[in-house]
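Numbering (my numbering), first residue to last: 84 to 550.
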(Lines of atoms letter the chains of each structure in order from A and count residues from 1; the text may use other names and numbers.)
(Lines give C-alpha, C1' and ligand atoms only; values in the text may rest on other atoms or scores of the structure.)
Protein backbone atom coordinates (compact mmCIF):
# COMPACT_ATOMS: atom_id res chain seq x y z
CA UNK A 1 0.00 0.00 0.00
CA UNK A 2 1.30 3.43 -0.91
CA UNK A 3 0.47 6.44 1.21
CA UNK A 4 0.27 9.82 -0.44
CA UNK A 5 0.56 13.53 0.28
CA UNK A 6 -2.06 15.59 -1.53
CA UNK A 7 -1.22 18.92 -3.12
CA UNK A 8 -4.25 20.79 -4.46
CA UNK A 9 -3.23 22.88 -7.46
CA UNK A 10 -5.67 25.23 -9.16
CA UNK A 11 -4.94 27.08 -12.38
CA UNK A 12 -7.12 29.99 -13.43
CA UNK A 13 -6.96 31.19 -17.02
CA UNK A 14 -9.82 32.03 -19.36
CA UNK A 15 -11.44 28.86 -18.14
CA UNK A 16 -10.97 27.36 -14.71
CA UNK A 17 -8.71 24.31 -14.67
CA UNK A 18 -7.84 22.41 -11.53
CA UNK A 19 -5.47 19.53 -11.01
CA UNK A 20 -4.99 17.37 -7.95
CA UNK A 21 -1.34 16.42 -7.52
CA UNK A 22 0.07 13.96 -5.01
CA UNK A 23 3.63 13.14 -4.04
CA UNK A 24 4.42 9.63 -2.85
CA UNK A 25 7.42 8.76 -0.76
CA UNK A 26 9.54 6.63 -3.10
CA UNK A 27 12.90 6.35 -1.30
CA UNK A 28 14.81 7.87 1.62
CA UNK A 29 18.14 7.66 3.40
CA UNK A 30 20.03 9.98 1.06
CA UNK A 31 22.29 12.85 2.07
CA UNK A 32 21.86 16.19 0.28
CA UNK A 33 20.51 14.83 -3.04
CA UNK A 34 20.96 17.33 -5.87
CA UNK A 35 20.45 15.43 -9.14
CA UNK A 36 18.31 12.50 -10.34
CA UNK A 37 18.83 10.68 -13.65
CA UNK A 38 18.17 7.30 -15.24
CA UNK A 39 20.67 5.33 -17.32
CA UNK A 40 18.36 3.78 -19.87
CA UNK A 41 16.91 1.24 -17.47
CA UNK A 42 14.33 1.27 -14.68
CA UNK A 43 16.70 2.38 -11.91
CA UNK A 44 17.27 5.93 -10.67
CA UNK A 45 20.72 7.37 -10.01
CA UNK A 46 20.96 10.13 -7.39
CA UNK A 47 23.92 12.47 -6.99
CA UNK A 48 24.71 13.62 -3.46
CA UNK A 49 26.46 16.94 -3.02
CA UNK A 50 29.42 15.37 -1.18
CA UNK A 51 30.52 13.58 -4.36
CA UNK A 52 28.65 10.28 -4.17
CA UNK A 53 26.23 8.76 -6.68
CA UNK A 54 23.78 6.16 -5.38
CA UNK A 55 21.34 3.82 -7.09
CA UNK A 56 17.66 3.48 -6.23
CA UNK A 57 16.14 0.23 -7.45
CA UNK A 58 12.64 -0.04 -8.88
CA UNK A 59 11.13 -0.87 -5.48
CA UNK A 60 12.54 2.34 -3.98
CA UNK A 61 15.25 0.50 -2.05
CA UNK A 62 18.61 2.24 -1.96
CA UNK A 63 21.53 0.07 -3.09
CA UNK A 64 23.90 -0.57 -0.19
CA UNK A 65 27.06 0.21 -2.20
CA UNK A 66 27.52 3.62 -3.85
CA UNK A 67 27.77 3.64 -7.63
CA UNK A 68 30.55 6.25 -7.54
CA UNK A 69 32.46 7.96 -4.73
CA UNK A 70 34.63 10.93 -5.74
CA UNK A 71 34.36 12.77 -2.44
CA UNK A 72 38.13 13.40 -2.40
CA UNK A 73 37.89 15.35 -5.67
CA UNK A 74 34.92 17.49 -4.71
CA UNK A 75 34.71 20.74 -2.77
CA UNK A 76 31.78 20.23 -0.43
CA UNK A 77 31.87 23.26 1.82
CA UNK A 78 28.13 23.71 1.60
CA UNK A 79 26.34 26.39 -0.34
CA UNK A 80 26.24 25.89 -4.08
CA UNK A 81 29.33 23.74 -4.55
CA UNK A 82 29.89 19.98 -4.58
CA UNK A 83 28.90 17.30 -7.08
CA UNK A 84 26.13 19.02 -9.01
CA UNK A 85 24.99 16.93 -11.96
CA UNK A 86 25.46 13.83 -14.07
CA UNK A 87 24.44 12.62 -17.53
CA UNK A 88 24.57 9.16 -19.03
CA UNK A 89 25.88 8.70 -22.57
CA UNK A 90 23.18 7.69 -25.09
CA UNK A 91 25.16 4.46 -25.64
CA UNK A 92 25.78 3.91 -21.93
CA UNK A 93 24.52 0.33 -22.04
CA UNK A 94 27.39 -0.57 -24.39
CA UNK A 95 30.21 1.89 -23.58
CA UNK A 96 29.55 2.48 -19.87
CA UNK A 97 30.31 6.22 -20.11
CA UNK A 98 28.70 8.83 -17.90
CA UNK A 99 29.59 12.46 -17.25
CA UNK A 100 29.68 14.54 -14.09
CA UNK A 101 29.74 18.23 -13.24
CA UNK A 102 31.45 19.08 -9.96
CA UNK A 103 33.34 21.83 -8.17
CA UNK A 104 36.91 20.76 -7.42
CA UNK A 105 39.01 21.61 -4.38
CA UNK A 106 40.20 24.79 -6.10
CA UNK A 107 36.59 25.98 -6.35
CA UNK A 108 36.39 25.55 -10.13
CA UNK A 109 34.02 23.61 -12.38
CA UNK A 110 35.12 20.26 -13.79
CA UNK A 111 33.24 18.40 -16.52
CA UNK A 112 34.58 14.87 -16.75
CA UNK A 113 33.76 11.34 -17.81
CA UNK A 114 33.82 8.15 -15.76
CA UNK A 115 33.31 4.55 -16.84
CA UNK A 116 31.32 1.86 -15.07
CA UNK A 117 33.04 -1.31 -13.86
CA UNK A 118 29.84 -3.33 -13.40
CA UNK A 119 26.17 -2.49 -13.75
CA UNK A 120 26.16 -1.34 -10.11
CA UNK A 121 29.64 0.15 -9.60
CA UNK A 122 31.71 2.71 -11.53
CA UNK A 123 35.50 2.95 -11.62
CA UNK A 124 36.55 6.03 -9.59
CA UNK A 125 39.98 5.93 -11.27
CA UNK A 126 38.58 6.17 -14.81
CA UNK A 127 38.16 9.96 -14.88
CA UNK A 128 38.80 11.75 -18.17
CA UNK A 129 38.51 15.53 -17.85
CA UNK A 130 36.72 17.36 -20.66
CA UNK A 131 36.43 20.93 -19.39
CA UNK A 132 37.77 23.12 -16.58
CA UNK A 133 35.94 26.39 -16.01
CA UNK A 134 37.32 28.92 -13.53
CA UNK A 135 34.80 30.15 -10.97
CA UNK A 136 35.41 33.66 -9.57
CA UNK A 137 33.04 33.21 -6.61
CA UNK A 138 31.59 30.34 -4.59
CA UNK A 139 27.96 30.82 -5.64
CA UNK A 140 26.13 30.34 -8.94
CA UNK A 141 28.52 27.46 -9.66
CA UNK A 142 25.71 25.06 -10.41
CA UNK A 143 24.83 23.54 -13.71
CA UNK A 144 22.86 20.58 -14.99
CA UNK A 145 23.80 18.33 -17.92
CA UNK A 146 21.76 16.37 -20.46
CA UNK A 147 22.37 14.68 -23.79
CA UNK A 148 20.16 15.88 -26.59
CA UNK A 149 18.58 13.68 -29.24
CA UNK A 150 21.40 14.93 -31.49
CA UNK A 151 23.89 13.04 -29.31
CA UNK A 152 25.62 16.19 -28.06
CA UNK A 153 26.18 17.05 -24.39
CA UNK A 154 24.49 20.25 -23.16
CA UNK A 155 25.85 21.91 -20.00
CA UNK A 156 24.44 24.92 -18.15
CA UNK A 157 26.64 27.32 -16.19
CA UNK A 158 25.89 30.10 -13.72
CA UNK A 159 27.20 33.64 -14.12
CA UNK A 160 30.09 33.05 -11.70
CA UNK A 161 28.38 34.42 -8.62
CA UNK A 162 28.63 37.35 -6.24
CA UNK A 163 25.50 39.46 -6.85
CA UNK A 164 24.24 41.22 -9.95
CA UNK A 165 26.88 39.63 -12.20
CA UNK A 166 29.43 42.39 -11.45
CA UNK A 167 31.68 41.54 -14.41
CA UNK A 168 28.72 41.03 -16.77
CA UNK A 169 29.89 37.54 -17.68
CA UNK A 170 26.47 36.34 -18.83
CA UNK A 171 26.51 38.81 -21.73
CA UNK A 172 30.22 38.27 -22.43
CA UNK A 173 30.67 35.74 -25.22
CA UNK A 174 34.34 35.26 -24.34
CA UNK A 175 33.27 33.64 -21.05
CA UNK A 176 31.75 30.20 -20.49
CA UNK A 177 29.76 31.55 -17.54
CA UNK A 178 26.04 32.33 -17.65
CA UNK A 179 25.59 30.08 -20.66
CA UNK A 180 24.16 26.89 -22.09
CA UNK A 181 27.06 25.02 -23.71
CA UNK A 182 26.96 22.26 -26.35
CA UNK A 183 29.85 19.92 -27.10
CA UNK A 184 30.55 16.72 -29.04
CA UNK A 185 32.07 14.20 -26.63
CA UNK A 186 32.40 11.44 -29.23
CA UNK A 187 34.82 13.18 -31.59
CA UNK A 188 37.78 14.66 -29.70
CA UNK A 189 40.13 17.10 -31.38
CA UNK A 190 43.26 15.26 -32.45
CA UNK A 191 46.12 16.39 -30.25
CA UNK A 192 43.88 18.80 -28.39
CA UNK A 193 40.63 18.77 -26.43
CA UNK A 194 38.78 15.62 -25.42
CA UNK A 195 35.75 16.99 -27.26
CA UNK A 196 34.96 18.99 -30.37
CA UNK A 197 32.61 21.83 -31.30
CA UNK A 198 29.53 20.85 -33.35
CA UNK A 199 29.63 22.62 -36.70
CA UNK A 200 26.10 23.99 -36.22
CA UNK A 201 26.90 25.74 -32.93
CA UNK A 202 26.06 29.43 -33.43
CA UNK A 203 29.63 30.68 -32.92
CA UNK A 204 31.45 27.80 -34.58
CA UNK A 205 34.63 28.91 -36.33
CA UNK A 206 34.65 32.36 -34.72
CA UNK A 207 38.17 33.76 -34.27
CA UNK A 208 37.35 36.66 -31.88
CA UNK A 209 37.96 34.65 -28.69
CA UNK A 210 34.25 33.90 -28.48
CA UNK A 211 33.65 30.57 -26.76
CA UNK A 212 32.47 28.31 -29.55
CA UNK A 213 30.84 25.92 -27.07
CA UNK A 214 28.06 28.49 -26.45
CA UNK A 215 24.55 27.44 -27.53
CA UNK A 216 22.59 30.11 -25.58
CA UNK A 217 23.53 32.90 -23.15
CA UNK A 218 22.24 35.63 -20.86
CA UNK A 219 21.53 33.25 -17.97
CA UNK A 220 22.07 33.92 -14.27
CA UNK A 221 21.92 30.63 -12.36
CA UNK A 222 20.31 27.92 -14.53
CA UNK A 223 21.20 25.07 -12.20
CA UNK A 224 18.19 22.96 -13.22
CA UNK A 225 16.88 22.46 -16.73
CA UNK A 226 15.61 19.64 -18.94
CA UNK A 227 14.61 18.50 -22.39
CA UNK A 228 11.00 17.90 -23.36
CA UNK A 229 11.34 14.30 -24.49
CA UNK A 230 8.51 14.71 -27.02
CA UNK A 231 9.51 17.94 -28.75
CA UNK A 232 13.21 18.40 -27.98
CA UNK A 233 12.51 21.85 -26.52
CA UNK A 234 14.73 22.91 -23.60
CA UNK A 235 13.08 24.25 -20.43
CA UNK A 236 15.43 26.32 -18.27
CA UNK A 237 14.56 27.49 -14.77
CA UNK A 238 16.78 30.48 -14.03
CA UNK A 239 17.18 31.65 -10.42
CA UNK A 240 16.58 35.37 -10.03
CA UNK A 241 18.47 38.13 -8.22
CA UNK A 242 16.11 40.08 -5.97
CA UNK A 243 12.54 39.68 -7.17
CA UNK A 244 11.86 37.31 -10.06
CA UNK A 245 12.21 33.58 -10.70
CA UNK A 246 11.89 32.76 -14.38
CA UNK A 247 11.30 29.87 -16.76
CA UNK A 248 12.79 30.05 -20.25
CA UNK A 249 12.12 27.79 -23.18
CA UNK A 250 14.56 27.03 -26.00
CA UNK A 251 12.68 25.69 -29.03
CA UNK A 252 14.21 22.54 -30.49
CA UNK A 253 17.34 23.32 -32.55
CA UNK A 254 17.16 27.08 -31.78
CA UNK A 255 20.59 28.49 -31.01
CA UNK A 256 22.30 31.77 -30.19
CA UNK A 257 19.42 32.96 -28.01
CA UNK A 258 20.16 35.73 -25.48
CA UNK A 259 17.93 35.41 -22.39
CA UNK A 260 18.78 38.86 -21.12
CA UNK A 261 20.54 38.62 -17.75
CA UNK A 262 21.96 40.97 -16.32
CA UNK A 263 20.06 43.46 -18.45
CA UNK A 264 16.76 42.05 -17.24
CA UNK A 265 15.57 40.00 -14.29
CA UNK A 266 12.58 38.23 -15.76
CA UNK A 267 10.63 40.90 -17.63
CA UNK A 268 11.90 43.68 -15.33
CA UNK A 269 14.92 45.85 -16.10
CA UNK A 270 17.91 45.22 -13.84
CA UNK A 271 21.06 46.80 -15.30
CA UNK A 272 20.72 47.87 -18.91
CA UNK A 273 24.10 49.59 -19.23
CA UNK A 274 25.73 48.54 -22.53
CA UNK A 275 22.90 46.11 -23.23
CA UNK A 276 21.60 45.17 -26.67
CA UNK A 277 18.15 46.21 -27.79
CA UNK A 278 15.35 44.46 -25.93
CA UNK A 279 13.99 43.38 -29.31
CA UNK A 280 17.00 41.07 -29.70
CA UNK A 281 16.40 39.34 -26.35
CA UNK A 282 14.16 36.40 -25.51
CA UNK A 283 12.07 36.87 -22.37
CA UNK A 284 10.69 34.16 -20.06
CA UNK A 285 7.62 32.16 -20.98
CA UNK A 286 6.64 32.30 -17.29
CA UNK A 287 7.82 33.92 -14.07
CA UNK A 288 6.83 34.54 -10.45
CA UNK A 289 7.90 37.09 -7.85
CA UNK A 290 9.50 36.40 -4.48
CA UNK A 291 6.46 37.88 -2.73
CA UNK A 292 3.82 36.26 -4.93
CA UNK A 293 0.79 35.05 -2.84
CA UNK A 294 2.37 36.36 0.39
CA UNK A 295 4.76 33.42 0.85
CA UNK A 296 8.47 34.23 0.62
CA UNK A 297 10.27 32.58 -2.28
CA UNK A 298 13.86 32.86 -3.41
CA UNK A 299 15.09 30.14 -5.76
CA UNK A 300 13.39 28.15 -8.49
CA UNK A 301 14.21 24.47 -8.90
CA UNK A 302 13.52 23.49 -12.48
CA UNK A 303 11.87 20.22 -13.36
CA UNK A 304 10.45 18.46 -16.38
CA UNK A 305 7.50 18.53 -18.69
CA UNK A 306 5.46 15.45 -17.87
CA UNK A 307 5.46 13.02 -20.78
CA UNK A 308 4.74 9.74 -19.03
CA UNK A 309 1.75 7.54 -19.78
CA UNK A 310 0.60 6.51 -16.30
CA UNK A 311 -1.06 9.88 -15.58
CA UNK A 312 -2.47 11.30 -18.81
CA UNK A 313 -4.10 14.35 -17.17
CA UNK A 314 -0.61 15.65 -16.34
CA UNK A 315 0.58 15.45 -19.93
CA UNK A 316 2.42 18.57 -21.07
CA UNK A 317 2.57 20.22 -17.64
CA UNK A 318 6.04 21.56 -16.81
CA UNK A 319 6.73 21.02 -13.10
CA UNK A 320 8.99 23.14 -10.91
CA UNK A 321 9.41 24.04 -7.23
CA UNK A 322 10.73 26.86 -5.08
CA UNK A 323 13.62 25.87 -2.83
CA UNK A 324 12.73 28.34 -0.07
CA UNK A 325 8.95 28.08 0.09
CA UNK A 326 8.70 24.35 -0.72
CA UNK A 327 5.91 25.11 -3.15
CA UNK A 328 5.46 22.89 -6.17
CA UNK A 329 4.03 24.45 -9.29
CA UNK A 330 3.52 23.87 -12.96
CA UNK A 331 3.31 25.74 -16.24
CA UNK A 332 0.60 24.84 -18.73
CA UNK A 333 0.98 25.77 -22.37
CA UNK A 334 -2.20 27.09 -24.00
CA UNK A 335 -1.43 27.78 -27.62
CA UNK A 336 0.88 30.79 -27.59
CA UNK A 337 0.46 31.53 -23.87
CA UNK A 338 1.87 29.85 -20.77
CA UNK A 339 -0.02 29.84 -17.46
CA UNK A 340 1.92 29.39 -14.22
CA UNK A 341 0.47 27.99 -11.01
CA UNK A 342 1.98 27.86 -7.52
CA UNK A 343 0.49 26.08 -4.50
CA UNK A 344 0.64 26.94 -0.80
CA UNK A 345 3.78 26.37 1.23
CA UNK A 346 4.43 22.69 1.72
CA UNK A 347 6.70 20.89 4.17
CA UNK A 348 10.33 21.66 4.86
CA UNK A 349 12.12 19.38 2.41
CA UNK A 350 14.05 21.97 0.44
CA UNK A 351 13.17 20.70 -3.02
CA UNK A 352 16.52 20.54 -4.81
CA UNK A 353 15.99 18.42 -7.92
CA UNK A 354 13.48 16.77 -10.18
CA UNK A 355 14.11 13.56 -12.05
CA UNK A 356 12.53 11.65 -14.91
CA UNK A 357 12.63 7.87 -15.16
CA UNK A 358 12.83 5.84 -18.36
CA UNK A 359 9.02 5.88 -18.65
CA UNK A 360 8.70 9.64 -18.21
CA UNK A 361 7.40 9.50 -14.63
CA UNK A 362 8.61 12.35 -12.42
CA UNK A 363 10.36 12.48 -9.05
CA UNK A 364 11.42 15.26 -6.69
CA UNK A 365 14.19 15.34 -4.07
CA UNK A 366 14.28 16.99 -0.65
CA UNK A 367 17.79 18.10 0.20
CA UNK A 368 17.03 18.60 3.91
CA UNK A 369 15.27 15.28 4.40
CA UNK A 370 17.10 13.06 1.92
CA UNK A 371 13.73 11.87 0.59
CA UNK A 372 12.82 11.14 -3.04
CA UNK A 373 9.11 11.53 -3.82
CA UNK A 374 7.19 10.47 -6.91
CA UNK A 375 4.72 12.92 -8.47
CA UNK A 376 1.34 11.36 -9.21
CA UNK A 377 -2.16 12.38 -10.25
CA UNK A 378 -4.39 12.47 -7.17
CA UNK A 379 -7.38 11.27 -9.17
CA UNK A 380 -5.52 8.03 -9.93
CA UNK A 381 -4.08 7.56 -6.44
CA UNK A 382 -5.15 4.90 -3.98
CA UNK A 383 -6.16 6.82 -0.86
CA UNK A 384 -7.89 10.08 -0.07
CA UNK A 385 -5.70 12.10 2.29
CA UNK A 386 -7.87 15.18 2.81
CA UNK A 387 -8.95 15.32 6.45
CA UNK A 388 -11.01 18.38 7.35
CA UNK A 389 -8.93 20.19 4.70
CA UNK A 390 -5.83 19.33 6.73
CA UNK A 391 -2.41 18.57 5.30
CA UNK A 392 -0.53 15.66 6.84
CA UNK A 393 3.06 14.99 5.79
CA UNK A 394 5.33 13.21 5.20
CA UNK A 395 3.74 9.82 4.81
CA UNK A 396 5.41 7.40 5.49
CA UNK A 397 6.95 9.05 8.56
CA UNK A 398 10.50 8.74 9.81
CA UNK A 399 10.91 10.89 12.95
CA UNK A 400 8.19 13.57 12.74
CA UNK A 401 4.64 13.94 11.45
CA UNK A 402 3.52 17.45 10.44
CA UNK A 403 -0.12 18.52 10.54
CA UNK A 404 -1.19 21.80 8.96
CA UNK A 405 -4.55 22.97 10.39
CA UNK A 406 -4.47 26.50 8.98
CA UNK A 407 -7.05 25.90 6.24
CA UNK A 408 -9.63 23.93 8.21
CA UNK A 409 -12.90 25.53 9.30
CA UNK A 410 -13.07 23.22 12.33
CA UNK A 411 -11.59 24.23 15.68
CA UNK A 412 -9.35 21.30 16.51
CA UNK A 413 -9.46 20.14 20.12
CA UNK A 414 -7.19 17.11 20.39
CA UNK A 415 -5.35 14.45 18.44
CA UNK A 416 -5.06 10.74 19.27
CA UNK A 417 -2.77 8.19 17.63
CA UNK A 418 -3.54 4.46 17.85
CA UNK A 419 -1.50 1.48 16.75
CA UNK A 420 -2.86 -1.29 14.55
CA UNK A 421 -4.27 -3.09 17.61
CA UNK A 422 -6.22 -0.05 18.78
CA UNK A 423 -3.88 0.89 21.64
CA UNK A 424 -3.54 4.63 22.29
CA UNK A 425 0.14 5.55 21.83
CA UNK A 426 -0.03 9.36 21.76
CA UNK A 427 -2.49 12.09 22.69
CA UNK A 428 -2.06 15.83 22.11
CA UNK A 429 -4.27 18.80 23.04
CA UNK A 430 -4.46 21.57 20.45
CA UNK A 431 -4.24 25.18 21.70
CA UNK A 432 -5.01 26.68 18.27
CA UNK A 433 -5.20 25.86 14.58
CA UNK A 434 -1.64 26.06 13.31
CA UNK A 435 1.12 23.77 12.05
CA UNK A 436 1.81 21.04 14.60
CA UNK A 437 4.76 18.65 14.61
CA UNK A 438 4.40 15.32 16.39
CA UNK A 439 7.49 13.32 17.24
CA UNK A 440 7.27 9.68 16.15
CA UNK A 441 10.80 8.66 17.15
CA UNK A 442 9.56 6.44 19.98
CA UNK A 443 7.04 4.59 17.80
CA UNK A 444 7.73 1.17 16.33
CA UNK A 445 7.60 0.72 12.56
CA UNK A 446 4.15 -0.06 11.22
CA UNK A 447 0.69 1.28 10.42
CA UNK A 448 -0.97 3.84 12.74
CA UNK A 449 -4.35 5.55 12.86
CA UNK A 450 -4.65 9.24 13.69
CA UNK A 451 -7.93 10.57 15.07
CA UNK A 452 -8.51 14.32 14.87
CA UNK A 453 -11.26 15.68 17.12
CA UNK A 454 -12.96 19.05 16.69
CA UNK A 455 -14.64 21.09 19.44
CA UNK A 456 -18.04 20.63 17.78
CA UNK A 457 -17.79 16.86 18.23
CA UNK A 458 -16.78 16.06 14.67
CA UNK A 459 -13.90 13.69 14.18
CA UNK A 460 -11.87 12.37 11.30
CA UNK A 461 -9.60 9.34 11.17
CA UNK A 462 -6.79 8.74 8.73
CA UNK A 463 -3.70 6.58 8.75
CA UNK A 464 0.03 6.85 8.30
CA UNK A 465 3.01 4.54 8.13
CA UNK A 466 6.01 4.77 10.46
CA UNK A 467 9.23 3.58 8.82
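By construction, the Cβ of each residue, glycine as well, lies at the ideal position given by its N, Cα and C atoms.
On a Cα-Cα basis, can you pick out the residue from 328, 367 and 412 that is closest to residue 374? If you number the chain shown from 1, residue 374 lands on position 291. Closest by alpha carbon: 328.
Sorted by chain position, which residues of the same chain lie with C-beta nearer than 6 Å to residue 244's C-beta, five sequence neighbours on each side aside? Counting from 1 along the chain shown, the entry for residue 244 is found at position 161. Same-chain partners within the cutoff: 220, 222 and 223.
Output the residue ranges of the beta strand (DSSP E) runs that lie fully inside the segment 133-171 and measure 3 residues or longer, sorted by chain position. 135-139 and 166-171
Is it the case that the Cβ atoms of residue 411 and residue 486 are separated by a distance below 9 Å? Residue mapping note: residue 411 aligns to position 328 of the chain shown, counting from 1. Residue mapping note: residue 486 aligns to position 403 of the chain shown, counting from 1. No; because the gap between Cβ atoms is not below 9 Å, this pair is not in contact.
With three or more beta-carbon pairs closer than 8 Å as the criterion, would you say the segment 117-131 touches the segment 404-420? no
Cβ-based neighbour list, residue 529, same chain, cut-off 8 Å, excluding 5 preceding and 5 following: On the chain shown, position 446 is the one that residue 529 refers to. Only 502, 503, 548 and 549 meet the Cβ criterion.
Secondary structure at residue 271, three-state DSSP: helix, strand or coil? Stepping through the chain shown from its first residue, residue 271 is reached at position 188. DSSP places residue 271 in coil when its eight states are reduced to three.
Residue 270 beta carbon less than 9 Å from that of residue 278: Your numbering for residue 278 matches position 195 in the chain shown. Your numbering for residue 270 matches position 187 in the chain shown. Contact: yes.
With a floor of 3 residues, list each beta strand (DSSP E) that falls wholly inside the segment 433-458, ordered by position along the chain. 434-439 and 445-449
Using DSSP with H/G/I as helix, E/B as strand and the rest coil, what is residue 212? As a first step, residue 212 is located in the chain shown; it is residue number 129 there, counting from the start. Residue 212: strand per DSSP, three-state reduction.
Assuming residue 303 and residue 344 make a contact with CB atoms under 8 Å, what is their CB distance in whole Å? Along the chain shown, one-based indexing puts residue 303 at 220. Along the chain shown, one-based indexing puts residue 344 at 261. Yes, residue 303 and residue 344 are in contact; Cβ-Cβ is about 4 Å, under 8 Å.
Report yes if the CB atom of residue 286 is closer than 9 Å to the CB atom of residue 256, and no otherwise. Along the chain shown, one-based indexing puts residue 286 at 203. Along the chain shown, one-based indexing puts residue 256 at 173. Yes; because the gap between Cβ atoms is below 9 Å, this pair is in contact.
Looking at C-beta atoms only, is the number of pairs between the segment 228-235 and the segment 208-219 that lie closer than 8 Å three or more? no
Tell me the residue span of the alpha helix (DSSP H) that contains residue 178. In the chain shown, counting from the first residue as 1, residue 178 sits at position 95. Start and end: 175-178.
Excluding the five sequence neighbours on either side, which residues of its own chain have a C-beta within less than 6 Å of the C-beta of residue 533, listed in chain order? Taking the chain shown and counting its residues from 1, the one referred to as residue 533 is at position 450. Cβ within range, chain order: 500 and 545.
Count the other C-beta atoms from every protein chain shown that fall within 10 angstroms of the C-beta of residue 324, then say buried if there are 16 or more, exposed otherwise. As a first step, residue 324 is located in the chain shown; it is residue number 241 there, counting from the start. Answer is buried; the Cβ neighbour count reaches 16.
Cβ contact check for the segment 491-499 and the segment 138-149: 3 or more pairs under 8 Å: no
Measuring alpha carbon to alpha carbon, tell me which residue in 251, 424 and 226 is nearest residue 376. If you number the chain shown from 1, residue 376 lands on position 293. Out of 251, 424 and 226, 424 has the C-alpha closest to the C-alpha of residue 376.
Does residue 263 come out as helix, strand or coil in the three-state DSSP assignment? Start at 1 with the first residue of the chain shown, and residue 263 comes out as number 180. It is a strand residue.
C-alpha gap between residue 451 and residue 262, whole angstroms: The count along the chain shown starts at 1 and reaches residue 451 at position 368. The count along the chain shown starts at 1 and reaches residue 262 at position 179. Their backbone Cα atoms lie some 28 Å apart in a straight line.
To which residues does DSSP link residue 539 through a beta bridge? Stepping through the chain shown from its first residue, residue 539 is reached at position 456. Paired residues: none, contrary to the question.
Under three-state DSSP, which class holds residue 113? Position 30 of the chain shown, counted from the first residue, corresponds to residue 113. Coil.
Distance cutoff 9 Å, beta carbons only. Does residue 349 sit that close to anything in chain D? Here there is only one protein chain, and chain D is not present.
For residue 188, which residues from the same chain have a beta carbon less than 6 Å from its beta carbon, with the 5 sequence-adjacent residues on both sides left out? Taking the chain shown and counting its residues from 1, the one referred to as residue 188 is at position 105. The answer, listed in chain order, is 158.
Let me make sure I understand the geometry here. Which of 396, 456 and 357 has the alpha-carbon closest to that of residue 404? Here the question's residue 404 lines up with position 321 in the chain shown. Closest by alpha carbon: 456.
Does residue 510 pass the burial test, meaning 16 or more other C-beta atoms within 10 Å, or should it be called exposed? For the purposes of this step, residue 510 is identified with residue 427 of the chain shown, where counting begins at 1. By the neighbour-count rule (16 or more Cβ atoms within 10 Å), residue 510 is not buried but exposed.
Per DSSP, residue 553 forms a beta bridge with which residues? The structure shown does not extend to residue 553, since the chain is modelled only from 84 through 550, so no value can be given for it.
In the DSSP assignment, find the beta strand (DSSP E) that holds residue 493 and state where it starts and stops. On the chain shown, position 410 is the one that residue 493 refers to. From DSSP, residue 493 is part of no beta strand (DSSP E); its letter is neither H nor E.
Whole angstroms is fine: what's the gap from residue 395's alpha carbon to residue 482's? Within the chain shown, the letter at position 312 stands for residue 395. Within the chain shown, the letter at position 399 stands for residue 482. Their Cα atoms are separated by approximately 34 Å.
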